[in-house]
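For reference, the structure is listed below as structure tokens.
In the numbering used here, the protein residues as written are 31 to 212.
Here it is as structure tokens:
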């Protein structure tokens, strides 16, 4: 019975527990408290971030709770993306960190790690979401990670909440490569 329902949800193209649908754009959401980190020389500036800016490049988008354990879940995928050296005229990684879903008292640490990540990966888009507006808008689980592959039109081509299997990681990388060729 579980297999039947699982297959039904896959066929419908909906990630369990989210309102994200395959072959559709993500629901619009705007992050105004902090938002996108912009590297200006050696310092970090913030600007409001709107999901309407996602079309234009193929993207692997990661939304994570501001927790070390959640970040670690799909870190192997992030490492593989860096190793791929994708063409930054066609591809960009987008990382959204939900600081609102951090362990009590660790928000400052999460903000510091987010800034450090932007400096280490300046071509990646990094968004700091202090109020958890993305998690709420996309109906995501708390204390979890989300991986989405978007085509250059901004349509969802892959979506998974939670830790990816090795096969799913390869699927994400292969899909990102394929979409860059289109």
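Just so you know, even glycine gets a beta-carbon here, dropped at the ideal spot from N, CA and C.
- Could you say if the stretch 67–77 and the stretch 104–124 meet the contact criterion of at least three C-beta pairs nearer than 8 Å? no
#### Entry: Collapsed DSSP secondary structure at residue 154 in the structure displayed
coil
*chain C within 8 Å of residue 200, Cβ atoms only*: No chain C appears in the structure shown, which is made up of a single protein chain.
Residue 155 versus residue 58: straight-line alpha-carbon distance, rounded = 17 Å
Open item on the list: Applying the 10 Å Cβ sphere with the 16-neighbour rule, what's the burial state of residue 118?
Closed with: exposed
How about the stretch 199–212 and the stretch 174–188: do they share at least three Cβ pairs that are nearer than 8 Å? yes
Quiz item: If you follow the alpha helix (DSSP H) that residue 92 is part of, which residue opens it and which one closes it?
Solution: Residue 92 -> not in any alpha helix (DSSP H); beta strand (DSSP E) instead, spanning 88–95.
If I'm right that residue 87 touches residue 122 with Cβ under 8 Å, what's the distance once you round it to whole angstroms? 5 Å
Reduced DSSP secondary structure (H/G/I, E/B, other) of residue 162: coil
Straight-line Cα distance separating residue 60 from residue 99: 26 Å
Going by beta carbon distance, what residues of the same chain come within less than 6 Å of residue 81, once the five residues before and after it are set aside?
-> 56, 58 and 59
Report the three-state DSSP secondary structure of residue 196 (helix, strand or coil).
helix
Inspect the beta-carbon positions of residue 128 and residue 93 and report whether they are closer than 8 Å. yes
Looking only at C-alpha atoms, which of 191, 166, 164 and 108 sits nearest to residue 150?
-> 108
Exercise for review: Within the same chain, show all residues whose beta-carbon is closer than 7 Å to that of residue 104, passing over the 5 residues directly before and after it, in chain order.
Suggested key: 92, 175, 177, 193 and 194
### Task
Out of 161, 130, 208 and 153, state which residue places its alpha-carbon closest to the alpha-carbon of residue 187.
208
Checklist entry - Out of curiosity, what's the CA-to-CA distance linking residue 148 and residue 120? => result 19 Å
ask   = Does the Cβ-Cβ distance between residue 54 and residue 185 come in under 8 Å?
value = yes
By the three-class DSSP mapping on this structure, what secondary structure does residue 190 have? strand
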